[in-house]
Amino acid sequence: MELGHAVGADTFRLERTLKAPIEKVWAFFTEADKRSRWFTAGDDITANGQTFNFAFGHHRITDEKPPARWAHKDGSQPDTLMLGRVLAFEPPRLLAFTWGDGDEHVSEVRFEFTPRGDETLLVLTHSKIDTRGNLRNFGGGWTAHLETLADVLAGRKSNRFWANVVEAHEAYERTIEG
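Sequential numbering from 0 applies to the sequence shown in numbering that gives the first Met the number 0.
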C-alpha cells in the first residue's frame, strides 16, 4: 500500500501511479456510476463551479464487514450525503472541489493527473484540514479508497477495503504527529 504524508499543519498529499490511461482514470473520478465502485455515488462532475452531491455507502465498494470503529458504515443505514462545489475542472488533467458541508471546517481536495504511457500519475492534495486528527482520518480514507480504485481499474472487486483503512490509519497515527 502506498502511503501519503502531511505537508505542513493542514494538508495531506498522496502520489499514486494507476495502471490505466488518463482518460479512463478521469472517468472514474467524474462519472458517478464508475466512482461509486471505489469511492462514492452521487452526481456526475461536469463543470467548474458546479455544486454536486456525494452519497457515501461503503457497502457498494466491498463485501467486507467494517471493524467496530466503523460498524455504522455496514450498509444498514442510509448513505451519508455531502455537498461539494467544483473549484477546478480541466479534463483530464485537474479536478478540485470543496470537502464538507456548511461554512465551517470545509476543506479542499485537488487531483492532478499526468499521463505516463498506459498509466496515470495521480497526485491527491487535501488541504485546509481543520485538525491533525482529521488529517490522519482523511489520509487513511484516501489511501484505502485509492487501493480500491487500483483493484477496480484492474477488474477486481476489493476485499481489503476495511483492512486497508485500518492499516493506513495505524500508519498515519505513527507518522502524522499531533
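All C-beta atoms in this analysis are idealised placements derived from N, C-alpha and C, irrespective of residue type, glycine included.
Run through DSSP, which three-state label would H104 get?
Of the three classes helix, strand and coil, the one that applies to H104 here is coil, per DSSP.
Since G3 is in the beta strand (DSSP E), which residue starts that stretch and which ends it?
No beta strand (DSSP E) holds G3; DSSP gives it neither H nor E.
Quick one: what's H125 bridged to in DSSP?
For H125, which the question treats as bridged, DSSP gives the partners F11 and V108.
Compute the Euclidean distance between the alpha carbons of L17 and R131, then round it to the nearest angstrom.
Cα to Cα, L17 sits roughly 28 Å from R131.
What is the DSSP secondary structure of R68, reduced to helix, strand or coil?
It is helical.
Spatial neighbours of G139 within its chain, please: CB distance less than 7 Å, with the 5 preceding and 5 following residues excluded, ordered by chain position.
Here the set comprises V164, A167, H168 and Y171.
Exposed or buried, which one is E146 when buried takes at least 16 other CB atoms within 10 Å?
Buried: at least 16 other Cβ atoms inside 10 Å.
Please indicate yes or no: does the CB of E22 lie closer than 6 Å to some heavy atom of the ligand COA?
The ligand COA is absent from the structure shown, which contains no ligands of any kind.
Since T79 is in the beta strand (DSSP E), which residue starts that stretch and which ends it?
From DSSP, the beta strand (DSSP E) with T79 extends over T79 to E89.
Hey, I44 and V85 are a contact pair by Cβ (cut 8 Å); roughly how many whole angstroms apart?
I44 to V85, Cβ: 6 Å. Contact.
Does DSSP classify E63 as helix, strand or coil?
It is coil, neither helix nor strand.
Between which residues of its own chain and T10 is the CB-CB distance below 6 Å, once the five residues before and five after are set aside?
Hits under 6 Å: S126.
Could you tell me the alpha carbon to alpha carbon distance between R59 and S35, rounded to whole angstroms?
So the alpha carbons of these two residues sit roughly 7 Å apart.
Classify W25 as helix, strand or coil using the three-state DSSP reduction.
In the structure shown, W25 sits in a helix (DSSP, three-state: H, G or I).
Assuming W98 contacts L123 under a Cβ cut-off of 8 Å, what Cβ separation, rounded to an integer in Å, is found between them?
So it is not a contact: roughly 12 Å between Cβ atoms.
For A46 and F112, which I take to be in contact (beta-carbon distance under 8 Å), what is that distance rounded to the nearest angstrom?
That belief does not hold up - the Cβ atoms of A46 and F112 are roughly 17 Å apart, past 8 Å.
For A54, which option in V151, E107, F38 and R68 has the closest C-alpha, if you only look at C-alpha atoms?
Of the listed residues, the one whose Cα sits closest to A54 is F38.
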